[in-house]
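Remarks on the structure that follows.
Numbering (the numbering used here), first residue to last: 289 to 622.
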């Protein structure tokens, strides 16, 4: 451990995060919900969505932009659609409020959509899809942000980093899950590179003049790039439409127009679609064996299942603790 970092126990992550959130204006229910996803991120070694996010959460609470006492409201908009009004709060309390009702709806209908609106999403997406796959459901989710990513061929931010997550349940063991930005690199990871004085790889972004650069600060001032050129750009557009107009919520560019720009997220929507395999699969003697696919993947040297890295890091984090920059600790501690 260097002089610029401190190591804390994993359980202390919850203590630190919750104290900061309560001090910034969260009530107990909202603080607990946010703290849980922050803890999950640190547990899985995803520091860009862990304690790193707490100052941003707190800034938006202190500014009054986000409702720290949100009580999300649920409504059945259609037989297979659950409408969730987040009451101007952070997304974790909306997820906690809707989870059981939505899982029950998916089991009843076979497939269902959760249309989450009037909320602020500042966490990873995998917690909510894994909460559903842990109940035997297949789930996918996406959300937009503020303009950070240029469309393919362009050089000015238009799309958010627009992540997309997917989780598949398994009869034994952890679900197979991926959660990835449609940008080449998640914005939080670029910000951590900036903080730590590290360069990023080629193809991550351009400066304010549209020139390719490996300097994270210049990329944050300029624009990020989608992964895979036009393919990632198309996925970013799809996320904009699913998490925005489909739900009657903001596009990334509209979110920026109304945002206080206080260091936290902008208001927007989240699209969650889930399936019950018990209702969608055919009752045949053969076929449809996901475990055969996973086994075939793992037969190839160097291949691991998506999300497995997070799972394997858990034991190390539990044993060695969480390494936190001292400067971040000073921001969080009250």
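The C-beta atom is built at its ideal place from N, Cα and C for all residues, glycine as well.
Non-local beta-carbon contacts of residue 559 in its own chain, meaning distances under 6 Å to residues more than five positions away in sequence, involve 430, 530, 531 in chain order. Residue 345: member of the alpha helix (DSSP H) spanning 342–350, first to last residue. As for any alpha helix (DSSP H) of minimum length 4 sitting wholly inside the region 512–567, the runs are 518–531, 540–546, ordered along the chain.
The C-beta distance from residue 515 to residue 472 rounds to 5 Å, short enough to fall under 8 Å.
When the Cα atoms are used, residue 391 and residue 425 turn out to be separated by approximately 8 Å. By the criterion of a C-beta distance shorter than 6 Å, residue 342 is surrounded in its chain by 305, 308, 620, once the five residues flanking it on both sides are discounted. Nearest to residue 596 by C-alpha distance, out of 332, 493, 540, is 332.
Excluding five sequence positions before and after residue 319, the CB atoms of its chain that fall closer than 6 Å to its own CB belong to 306, 309, 310, given in chain order.
By a beta-carbon distance limit of 8 Å, residue 447 does not contact residue 543. Their separation comes to about 11 Å. Using a C-beta cut-off of 8 Å, the region 587–603 makes contact with the region 453–470, since at least three inter-stretch Cβ pairs fall below that distance. Sequence-distant partners of residue 598 (beyond 5 residues in either direction) whose C-beta falls short of 7 Å from its own C-beta, in its chain, are 332, 333, 334. The beta carbon of residue 505 is closer than 7 Å to those of 482 in its chain, skipping five residues each way along the sequence. Runs of the alpha helix (DSSP H) lying entirely within the region 388–476 and spanning at least 4 residues, in chain order: 414–421. When 549, 585, 611, 608 are compared, the shortest CA-CA separation from residue 348 is found for 549.
Within the model, the alpha-carbon separation for residue 512 versus residue 554 is close to 18 Å. In the three-state DSSP reduction, residue 593 falls in the coil class, being neither helix nor strand. For the pair residue 394 and residue 562, the CB atoms are nearer than the 8 Å cut-off.
Bridge partners of residue 386 according to DSSP: none are assigned. In chain order, 429, 451, 453, 467 place their CB closer than 6 Å to the CB of residue 413, counting only its own chain and leaving out the 5 sequence neighbours on each side.
By the criterion of a C-beta distance shorter than 6 Å, residue 326 is surrounded in its chain by 305, 338, once the five residues flanking it on both sides are discounted. Judged by DSSP secondary structure, residue 360 falls outside any beta strand (DSSP E); it is assigned neither H nor E. If you look at residue 367, you'll find it isn't in any beta strand (DSSP E); DSSP assigns it neither H nor E.
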